[in-house]
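Colleague: Going by my numbering, the letters in the sequence shown line up with residues 186 to 419, in that order.
Questions regarding the structure given below will be posed in turn.
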Amino acid sequence: MLETRAVDDVADVLRDEITSGRFAAGSRLPPERQLAARFEVNRGTVRAALSRLAAEGLLSVRQGSGYQVRDYRRSGTLDLLPALVVGRTKEEQLEVARDLLAVRRQLATLVLERLFALEVDALAPIEDAVAAFTVAAGSGDVARVAAADLDVLAALLAATRSPVLQLCASPVANVLAELPELRDAIYAEPATNVVAYRALLAALAAPPSERPPAASIANLLAARDASTLTRLAS
């Protein structure tokens, strides 16, 4: 039976080497036997790790030709983003964080535009999620706050009735919550999130003609993201 920890370790090292450019796109990895000797594991463990990386879009496999490195920027998924942050320089981490937050703002604007254009007739799930977030915000537990924030997002996305927005926004939010340093910077002042969510609830409860433009809320998000990046850089 393969040791899961050993498979994880081999996959983590090779993933980092691929995303950092040590193994360039189009190049071939060393044969399994060489990798097994390098990591001091059996070939079954190496094969399991390589299969995982292939499933992540990092490698392609051709019978008799071994494993070829793919361009992860074209074939990878959002699940690779943590690998682009862990172990990188502060400047590289900030660049990834800046882009992630910008994508989140754009998606948030689309969600708000959709919600403000609808007659949201079922605010209860959103209200319940915001209430739970308010409790979490006072707990001092950042992981709990992040989880509660994801629940608010899920309720907002469900209200849009748009599977496209749900499929696009949820992975970005999940990645943000999984990066400890970025998560801590985002939720350093959760009370401000509570204020923003209450204002959003009030806007959704108002008639469409009285709701603020989605862009105005996006500007507030931009200011908060700037503060987050400042905390990360310090």
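By construction, the Cβ of each residue, glycine as well, lies at the ideal position given by its N, Cα and C atoms.
Quick caveat: nothing in here was measured; it's all calculated off a predicted structure.
Is L386 near L308, with beta carbons less than 8 Å apart?
Modeller: Along the sequence shown, read from residue 1 onward, the residue named residue 386 stands at position 201. Along the sequence shown, read from residue 1 onward, the residue named residue 308 stands at position 123. Yes; because the gap between Cβ atoms is below 8 Å, this pair is in contact.
Colleague: Looking at C-alpha atoms only, which residue of L238, R207, I311 is the closest neighbour of A340?
Modeller: Numbered from 1 along the sequence shown, position 155 holds the residue referred to as residue 340. Checked all of L238, R207, I311; the closest Cα to A340 is I311.
Colleague: On the criterion of 16 or more Cβ atoms from any shown chain inside 10 Å, does D410 qualify as buried, or is it exposed?
Modeller: Mapped onto the sequence shown, residue 410 falls at position 225. Its Cβ being crowded by 16 or more others within 10 Å, D410 is buried.
Colleague: Rounded to the nearest angstrom, what separates A317 and E374 at their Cα positions?
Modeller: The residue given as residue 317 occupies position 132 in the sequence shown. The residue given as residue 374 occupies position 189 in the sequence shown. The alpha-carbon atoms of A317 and E374 are separated by roughly 16 Å.
Colleague: Span of the beta strand (DSSP E) holding R396?
Modeller: Along the sequence shown, one-based indexing puts residue 396 at 211. Per DSSP, R396 belongs to no beta strand (DSSP E) and is neither H nor E.
Colleague: If I measure Cβ to Cβ from L279 and keep anything under 8 Å in the same chain, skipping five residues before and after, which residues do I get?
Modeller: The residue given as residue 279 occupies position 94 in the sequence shown. Correct list, in chain order: L414, L417, A418.
Colleague: Which stretch, first to last residue, makes up the beta strand (DSSP E) that contains G251?
Modeller: Here residue 251 is taken as the residue at index 66 of the sequence shown, counted from 1. Note, G251: beta strand (DSSP E), 251–254.
Colleague: Under the assumption that R232 contacts E217 (Cβ atoms under 8 Å), give the Cβ distance between them as a whole number of angstroms.
Modeller: Locating residue 232 in the sequence shown gives position 47, where the first residue counts as 1. Locating residue 217 in the sequence shown gives position 32, where the first residue counts as 1. The pair is a contact, with the Cβ atoms about 6 Å apart (cut-off 8 Å).
Colleague: Identify the residues that DSSP records as bridge partners of L244: which are they?
Modeller: Numbered from 1 along the sequence shown, position 59 holds the residue referred to as residue 244. According to DSSP, which records beta bridges pairwise, L244 is partnered with V254.
Colleague: What residue range does the alpha helix (DSSP H) around V337 cover?
Modeller: Residue numbering aside, residue 337 sits at position 152 when the sequence shown is read from its first letter. Its alpha helix (DSSP H) spans residues 327–345.
Colleague: Which word fits R213, buried or exposed, when buried means at least 16 other C-beta atoms lie within 10 angstroms of its C-beta?
Modeller: Looking up residue 213 in the sequence shown gives position 28. Its Cβ having fewer than 16 others within 10 Å, R213 is exposed.
Colleague: Between the alpha carbons of A222 and P215, how many angstroms are there, rounded?
Modeller: Along the sequence shown, read from residue 1 onward, the residue named residue 222 stands at position 37. Along the sequence shown, read from residue 1 onward, the residue named residue 215 stands at position 30. Answer to the nearest angstrom: the Cα atoms are 11 Å apart.
Colleague: To which residues of the same chain is R368 closer than 7 Å at the C-beta, ignoring the five residues directly before and after it?
Modeller: As a position in the sequence shown, residue 368 is number 183, starting the count at 1. So the qualifying residues of the chain are V327, A331, L361, A362.
Colleague: Assuming L235 and Y252 form a contact by the criterion Cβ under 8 Å, report the distance between their Cβ atoms to the nearest whole angstrom.
Modeller: As a first step, residue 235 must be located in the sequence shown, where it is residue number 50. As a first step, residue 252 must be located in the sequence shown, where it is residue number 67. Going by Cβ atoms, the distance from L235 to Y252 rounds to 6 Å, so yes, they are a contact pair.
Colleague: Can the beta-carbon of V296 be found closer than 8 Å to that of L350?
Modeller: Here residue 296 is taken as the residue at index 111 of the sequence shown, counted from 1. Here residue 350 is taken as the residue at index 165 of the sequence shown, counted from 1. Yes. Within cutoff.
Colleague: What span of residues does the alpha helix (DSSP H) with S355 cover, start to end?
Modeller: For the purposes of this step, residue 355 is identified with residue 170 of the sequence shown, where counting begins at 1. 348–363 is the span of the alpha helix (DSSP H), which, as asked, contains S355.
Colleague: What is the C-beta distance between L244 and R228, in whole angstroms, given that I count them as a contact (C-beta under 8 Å)?
Modeller: Along the sequence shown, one-based indexing puts residue 244 at 59. Along the sequence shown, one-based indexing puts residue 228 at 43. So it is not a contact: roughly 16 Å between Cβ atoms.
Colleague: Going by the beta-carbon positions, is the gap between S347 and R299 smaller than 8 Å?
Modeller: For this step, residue 347 is matched to residue 162 along the sequence shown. For this step, residue 299 is matched to residue 114 along the sequence shown. Yes. Within cutoff.
Colleague: Quick test of your reading: V246 and A239, contact by CB under 8 Å. State the CB separation rounded to the nearest angstrom.
Modeller: As a working note, residue 246 is residue 61 in the sequence shown. As a working note, residue 239 is residue 54 in the sequence shown. The pair is a contact, with the Cβ atoms about 6 Å apart (cut-off 8 Å).
Colleague: Which term fits N404, buried or exposed, when burial requires 16 or more other beta carbons within 10 angstroms of its beta carbon?
Modeller: Reading the sequence shown from its first residue, position 219 is the one you call residue 404. Under this definition N404 is an exposed residue.
Colleague: Excluding the 5 residues preceding and the 5 following A322 in the sequence, name in chain order all residues of the same chain whose CB lies nearer than 7 Å to its CB.
Modeller: Along the sequence shown, read from residue 1 onward, the residue named residue 322 stands at position 137. For A322, where only same-chain residues beyond five positions count, the Cβ hits under 7 Å are V330, P375, A376, N378, V379.
Colleague: Between C353 and L263, what straight-line distance do the alpha-carbon atoms span, to the nearest angstrom?
Modeller: Counting from one through the sequence shown, the residue named residue 353 turns up at place 168. Counting from one through the sequence shown, the residue named residue 263 turns up at place 78. When the Cα atoms are used, C353 and L263 turn out to be separated by approximately 10 Å.
Colleague: Check this for me: beta carbons of L265 and V357, under 8 Å apart or not?
Modeller: By one-based count along the sequence shown, residue 265 stands at place 80. By one-based count along the sequence shown, residue 357 stands at place 172. Contact: no.
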